[in-house]
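> Attaching a single structure in structure tokens format; questions to follow.
2 protein chains.
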Amino acid sequence: MSSYKHKKVISIGTVNELTGLSLRQIRYYEERILIYPERTKRGTRKYSFSDVETLLQIADKREEGVQTYEIRKDLQSSNKGKVMERMLRGQLNAHFRMNK
Amino acid sequence: MSSYKHKKVISIGTVNELTGLSLRQIRYYEERILIYPERTKRGTRKYSFSDVETLLQIADKREEGVQTYEIRKDLQSSNKGKVMERMLRGQLNAHFRMNK
DNA sequence: CGTGTAAGGAATTCTGACACG
DNA sequence: CGTGTAAGGAATTCTGACACG
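Heads up: the sequence lines are chains A and B, in that order. If you read the first sequence in the UniProt record's numbering, its first letter stands for residue 1, the second for the next number, and so on. If you read the second sequence in the UniProt record's numbering, its first letter stands for residue 1, the second for the next number, and so on.
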């Protein structure tokens, strides 16, 4: 759950190299609540590999002309999908434990 | 193989927070060839989660009073172990493929 | 040997704003 | 709406060196 993929350790300049997005764009997508970087005590943003993946998805959508508002909805529903999946898996595990 | 664990994206300040080691120590262990950060075009060091794990091991050894030279040998032999393991696994896979 | 520190320079990141459209 | 840019300040990182032991 709290694996390397989700640890916030990448600075914005590196995210720029990884995604090809400008610093302005990366900050703007945060402003539009599409990503959630953490802040160090000093205030610099830190991103996870998961954030980088999301940014890559955002870049694709933007190229198709999709607006940030729509992209946010898409991201949220795909997240809802993951949560549902996790809940179902939990139910399944409980079921099989009972019949083990 | 080239997963998130081995991608060099963490700057030295973040490694310091993750490991508790001083910048001086982190740089010194590189000088002693215990870790291998990459460099950006500008020259700043970038570390992977794998490097962070190695640094944690180094810190433990150092507390026991082990010298960097000895630690390097330990790290190399444990790496040799991993390589051997990978080779064996390759052999096993080949074997079972033949008898599938 | 391993680590601290002061030194000076170069690149990074931050915010708020103006611009274009 | 989405993105570029110039602006000024603050913190980061780098290297080579002196210090202690």
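Each residue gets a CB set at the ideal place from its N, CA and C atoms; glycine is no exception.
Taking only runs of the alpha helix (DSSP H) that begin and end inside the UniProt domain "HTH merR-type" (9-77) of chain B, which ones reach a length of at least 4 residues, in chain order?
12-19, 23-31, 49-63
> Could you say which of 49(A), 42(A), 91(A), 61(A) lies nearest to residue 3(A) if we only look at CA atoms?
49(A)
> If the criterion is Cβ atoms closer than 8 angstroms, does the pair residue 68(B) and residue 32(B) meet it?
yes
> So residue 44(B) packs on residue 77(B), CB below 8 angstroms; how close in whole Å?
With 8 angstroms as the limit, residue 44(B) and residue 77(B) do not qualify as a contact, their Cβ atoms being about 31 angstroms apart.
> Using a C-beta to C-beta distance shorter than 7 angstroms, which residues of chain B count as neighbours of residue 4(A)?
4, 5, 49
> Whole angstroms are fine: how far does the CA of residue 95(A) sit from the CA of residue 46(B)?
46 angstroms
> With residue 34(B) and residue 71(B) assumed to form a contact (beta carbons below 8 angstroms), what rounded beta-carbon distance in angstroms separates them?
Correct: roughly 6 angstroms between the Cβ atoms.
> What's the C-alpha gap between residue 63(B) and residue 38(B)?
26 angstroms
> Could you work out which residues of chain A lie near residue 11(B), taking near to mean beta carbons separated by less than 8 angstroms?
The contacting residues are 11, 14.
> How many whole angstroms separate the CB atoms of residue 9(A) and residue 14(B), which I take to be in contact at a CB cut-off of 8 angstroms?
5 angstroms
> Keeping to the same chain, check which residues put their C-beta closer than 8 angstroms to that of residue 16(B); ignore five residues upstream and five downstream.
22, 23, 26
> Could you round the C-beta distance between residue 58(A) and residue 29(A) to whole angstroms and report it? I think they count as a contact, below 8 angstroms.
6 angstroms
> Select from 90(A), 74(A), 66(A), 20(A) the residue whose C-alpha is nearest the C-alpha of residue 56(A).
For the residues 90(A), 74(A), 66(A), 20(A), the minimum Cα distance to residue 56(A) belongs to 20(A).
> Buried or exposed: residue 82(B), going by 16 or more other Cβ atoms within 10 Å of its Cβ?
exposed
> Measuring only the C-alpha atoms, how far is residue 110(B) from residue 7(B)?
There is no way to answer for residue 110(B), as the model of chain B reaches only from 1 to 100.
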